[in-house]
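Here is the structure we will look at, set down as structure tokens.
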Amino acid sequence: MTTFRIHPAIGIARVGNSDDYVIAPETMAGSPATDGTRLTGGLPIRRGTESEPIRSSDLRDASGALKRHAARFRLFSYGDGNPESWPRGDGREVRIGDEIDGRKIADIIWTVHIANKKTNWFVLAESDPQGIESYENGNLPEIRNPSLTQAGAPQPPDKLATLALPDRLRKLVIDPGPRVVSGASAAPVRFDAPTPARYFDGARGAVVDMPDYPKSFPSNGLGPLDCPSGPIDSLGEIQTDSFGRLLVLGGRGPAVAWKIAGKSPLDDDVNNNQWFDDTSDGPVSATIVFEDGGRAAAHGAWVSATDPSFAPQILNVVSMWDDVYDVWVRQLELAPDIFDKTSQAYNPAYKPTFGDQVAPILKSASQQHWVANLSQNGIAAHAALARITETTDPARTSLAGLSAVFRDPSQDQLKNTTLMPLHLGDADQSLLALRQTQHFFLKQWNKGRDYFRPGSGSLGPGEFLDKATLVNCIGGRLSPGIDLTFVMREPALYELPWQTSGAGPFRIRAKPLAYDAGLVRNNAFLGVGYVPRHADQSGLEPGDLSKFLALPWHTDYNSCATHPLDPPVGKVRTLFWSWPAQRPVAVYDASQVNWGPRDLDDSTNVFQLGPQLWSLRGWGTDAADAENWGRYQERKDMLYNWHRIGTVLQSPAIDPPLTHTESGSTVVTTAPDDWYLEVESQLRDTGLTPVVPFPNYATEIPSNLVPQPTQDDAGPTPDSQNPGAVRELFYELLNVDEYPGALRNARHYVDFWLKWAEVFSLDPTVAPYDRTFFPYSPQAIEDRMQLIYQELSDDADLVDPDPLITNVAQMVIRIKQFTPLNLLDGAWLRNIGKAGPTDEVRALLFSIWMDEFGDGEVSKNHCNIYLDLCHSVGFYPSDLSSREFAFDEELLDSAFTVPTFELAISQFTEEYYPEILGMTLQLEWEVLGLKPTRDLLASLGLNPHFYVMHIGIDNAVNGHGRRALDAVLLYLQTIQEAGGTDAVNKAWRRIWNGYVAFGQIGNLGQDLRNLITDPPSLEERMIALIKSKADFGSRNHQAHTLGGTPINELFAVPEQFLQLIKSDLLTPGDWENSRLNQLIQFQTGAMFRVFTDDEIDLLRDYTLSLAGAPKPPPPKGLPPAAAMEAVIKQLKPQQIGAVGHTANSLTDESGVAHTIAWWFDQPPAAFMAALASSRNNVITPGDPAASSFLTNWIAPTGPMGGVFAQMAVESPGMTCRAVVQRWIANGCPAVDQVVRMLRLTTPSTKRRRHKTGRMFGMGSVH
């Protein structure tokens, strides 16, 4: 029995601002030329032709408007194939006038119904759960436009019921209704309001008019409309060609919003409330009418009208075909010879065909540099993949050792930045991986010639159209994507069972639409529609595919050039591409191709590329931060300019042809066929933001972070989110004349940390009591300063039996980490002086700056003095203003927080004058805290001059400390006289913010303490060394193996690599005779000069360490007193009924005995005091062995031994008993009842009783 199907099963139309059109591509992007034109696949087809590829002159109409892409649908007949397999390889196209089974086709009647439901749908979730998971287990994302009249309205309790409200469906769904077209060369029938809605009724055998169909378009009924590029009054049109084939054209590309309170914000890349666009999708049906009056219905198709295609011949690394095919292979039994659904395993005996299952992966990689800013090394490496053919031995290619090149989707490699592709991943995935089936094909090929076949599989003509259409769409990163989105991976989306339905694979399951069920003009016909993993069973309505995509599409297209990794990967701040094949990032302009010498040493003339340009460029696109390059900085500008973007075409398709004829010669030289160049751009480059080759790094300081300090953590900060950006800002501010754009980030950085300081100072549970805010009066500030001074004095006078720093090596670490701060001593005041008259406050501040700068004497310059100290301990930092200094890996990220802050705030001295006053007071007043450091330096035989000098000139009696306090008091007095008490209160709030910020922002003190007490292990440093060598090392070992595994592959698994190095290349305890040492020697080593001297020292130390047992790590968690308190709280719920708790007792201060169970019910401080008291004689502070509470009561065999054998929740790696032992050994300290200031030099007696042990800020003023 003959069946009929429409192909492609899913067609793609594309918007443009021209009335004219070309036909969407019907060949696959990047596929080899087969017609002698030298043109690879993916080119659209000239209007009115069967398959003639367009040229650059066909992209725009005579007015310069961008032509739309029409999706062309055809009918195919199939013989009986029940059940069928894929590919069938058969199928015959049928047209008007053709005979089928002896019957002649008189007409083909097409019905198409497209709609846009984006505005009445869910947002794309950008926090977990994301993508399809946001619809799982009864979940639903937030809805767009929860209110039509109120901006920022809360989400409704019943989201689906809200989306189904009649008023929303009528106003927010763009629905022109169905349209019918038939015959050959039928005139356009428009999807607009004036054109009648019609459909073909199969039961009646007639076209039915629907004058009452409730059409809907964006209207003023919602509110005043904002139409920056024209109204949305049509979704396109349908027509037929001379053979009766269907052409579906989409809209003209505008975006429209309604205003609420006069505003229509466009402030998100994907989810913008109040906006519409004119993309669409919907079902396509066809009925064949025979001359004998008979009819036959065809299995339907689907059309989606989406964004333009600006690089149609560049193949995506992962296409929509790869996504869909992967799902159909693994879940829908499309290819049981490849994948067994029962065992959920690929067939190891399957041999992929090189031409269509392996080559596209290589081709896509080799094409990326035409649309992305790859480096020259990257271009060469990618280009090498294009030279691999079906006759190439895989073992002799750069892909030998596949896992060192491509991420394996079955492994945990989505955060491995050393592997390909260099593309961002899908929702909640940092980086992109090939689909599992793609990777299986590549793995089979990589095994060698016996594991793959030459040539390609054989598709029928209709099957070819199905595949080609999806190959030309993006896949992989579908968050949300451009053409189609993540629901294409849902088996429930398709007509099943495909083997017996007669429809074949890949067809969207369309919901039957009851047009004849009674229409009411003002009641919407379409409903909420398809909700994945909720109401899948009834099929899809018009608008149900495109509604998952960005609203409007323009903002997503604009933003998706490059981005930092999300989720982030450690400290990686490299920017990666989204979809350069679909959204070009950097291109070569065909008009800038020139003819000239190959290079300085070769006078041969050749065609040469011009410099790369951003695809999106010109006015409104320039930016200082790399993550904002190549896009409009104001999203709305994209609405005005999207149709001006150029298109990347292969050089043989460019008009006029790129040729050169030497003078006096008849030889014509053409530009290389494998060049893909931008043409027909209407965007003029400003030249202010040149393309910089990969890698680029994220440098933007976010402006929307909310300070949230807690007892244990500073909360989200610019430094925690992107420490590399802070280092970059440090470098740029020291070279601000070259980086004027850095001032924007500088302001964001200053504003965040000042706000953080304010929030911090208002929370007495987090801030030390001497940092909490207090109302201003001259006496109050004098009292607070004396309190701070007295605590510093007390700490300085104490002899610390257990200081943090005890030896020269530890002191050198401290000296190094304070280098960024101390080489900028005084920088926050560097712009305090200005021309013209001055006042006493400014004069006091300027005098401090002059002293910091050395008052004109080089030897007295504070920074010079500190640099001498660095040199004296063998540390020679790079030049302060160099990039090498800013990114010195020896320096902690947190070492740059305060230096960057002071550089940033000094750029805006007049605006932040009160805060700078507070900063000056903090740094100069608290210099007494340097006395222990001065004394320790002297005792270690190191020069303490820098600290001696500061203690002298910054003193609080008549030095900088006093001057700073006088300056604050004078300033507030002038404010009082000029503006009264309110003005003083506001100024004081700002001054205290500056005081707190300079002392408490960042984590240098805590990080430095951790670095000294718990440095990275040798093994951790070795793994870091392997990772640092991965970029080049993973490409330079060819066939060499270690433990039977190619060395190139091992860089992707550094922990496994280290184990093999340890077993095969190192002799524990004997570096000199280790094989690795021989490999790096000049005379014998293939790895000579691969490692620096410091790295060789690490290798030696690691080898020696292998001979001995590793040292136990120091305890982590709370200080001894707070840890003991936490154990009491942890065990309290278990004390009732415990034998040991009721049988043993302690007396209180009145001599009354109480059981341990009773004491557990008291405040922990009281219990701890009773335990430590001599009256109970169960603990001897400082002597665990003499403490019966430890050796008897809670001993492993004691009455409470079992309880105290539990792991202490707040002290990782320690039992509750071990916490008690540490508390006793430290003298049984009590817990401070207030949060006290912690510094690097805080005596151990105070550290042990601190509530949290958390140090905020630098831990010292220098």
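Heads up: the sequence shown is residues 316 to 1577, going by our numbering. Here a beta-carbon is modelled for each residue, glycine too, at the ideal position from N, C-alpha and C.
Status (buried if at least 16 other CB within 10 Å, exposed otherwise) for residue i
| i | result |
| --- | --- |
| S371 | buried |
| E1205 | exposed |
| V1242 | buried |
| Q1237 | buried |
| K951 | buried |
| V1114 | exposed |
| N588 | buried |
| F1089 | exposed |
| G1151 | exposed |
| G406 | buried |
| M1402 | exposed |
Closest residue to residue i among the options (Cα-Cα distance)
| i | options | result |
| --- | --- | --- |
| T1134 | V1188, L1144, F801 | V1188 |
| A687 | L931, F1504, N1507, I1494 | L931 |
| I547 | P529, S874, D593 | D593 |
| K782 | D671, S1196, F605 | D671 |
| L1195 | N1050, E995, N1325 | N1050 |
| N1300 | C1178, P1093, D940 | P1093 |
| G945 | V1006, P526, Q1449, F922 | V1006 |
| G1384 | L1414, D1409, F1403 | L1414 |
| A986 | G961, Y1064, A905 | A905 |
| I1096 | E1525, L1284, L581 | L1284 |
| T870 | A570, A807, L785 | A570 |
| V1442 | W1508, D1408, W1538 | W1538 |
| S893 | L1433, A695, Q683 | Q683 |
| R722 | S745, R702, P709 | S745 |
| S816 | A344, T1407, T318 | T318 |
| D507 | S531, T1407, V1405 | S531 |
Range covered by the alpha helix (DSSP H) that runs through residue i
| i | result |
| --- | --- |
| A1111 | 1093-1112 |
| P1377 | According to the sequence as given, residue 1377 is Lys; it is not Pro. Run containing K1377: 1369-1379, per the alpha helix (DSSP H) assignment. |
| I1220 | 1212-1221 |
| H1063 | 1057-1076 |
| R1198 | 1198-1201 |
| A832 | Element bounds for A832: n/a, residue is neither H nor E. |
| V644 | 635-646 |
| S1460 | It is not in any alpha helix (DSSP H) - S1460 instead sits in the beta strand (DSSP E) that spans 1460-1462. |
| A1487 | 1479-1487 |
| H1577 | Taken as a continuous stretch (DSSP letters only), H1577 belongs to no alpha helix (DSSP H), as it is neither H nor E. |
Enclosing beta strand (DSSP E) for residue i [first to last residue]
| i | result |
| --- | --- |
| H384 | 383-393 |
| W1508 | Per DSSP, W1508 belongs to no beta strand (DSSP E) and is neither H nor E. |
| G326 | 325-329 |
| F319 | 318-322 |
Integer-rounded CB distance, given that residue j should sit under 8 Å from residue i
| i | j | result |
| --- | --- | --- |
| L841 | V488 | 6 Å |
| L749 | P724 | 6 Å |
| I429 | A620 | 7 Å |
| P471 | T477 | 4 Å |
| A1523 | T1530 | 6 Å |
| L1486 | Q1536 | Between Q1536 and L1486 the Cβ distance is about 13 Å, and since that is not below 8 Å, they are no contact. |
| F591 | N837 | Not a contact, Cβ separation roughly 20 Å. |
| D743 | Q445 | 5 Å |
| D335 | D376 | 5 Å |
What ranges does the beta strand (DSSP E) occupy inside the stretch 545-628, keeping only unbroken runs of at least 3 residues that lie completely in it?
549-555, 561-564, 570-573, 590-592, 595-605, 610-612, 616-621
Start-end ranges of the beta strand (DSSP E) lying completely within the stretch 771-813, minimum 3 residues
none
Continuous alpha helix (DSSP H) assignments of at least 4 residues falling wholly in the stretch 854-908
868-874
Only counting runs of 3 or more residues, tell me where the beta strand (DSSP E) segments fall wholly within the stretch 519-543, in order along the chain.
521-525
Taking only runs that begin and end inside the stretch 350-380, name each unbroken alpha helix (DSSP H) of 4 or more residues, in chain order.
none
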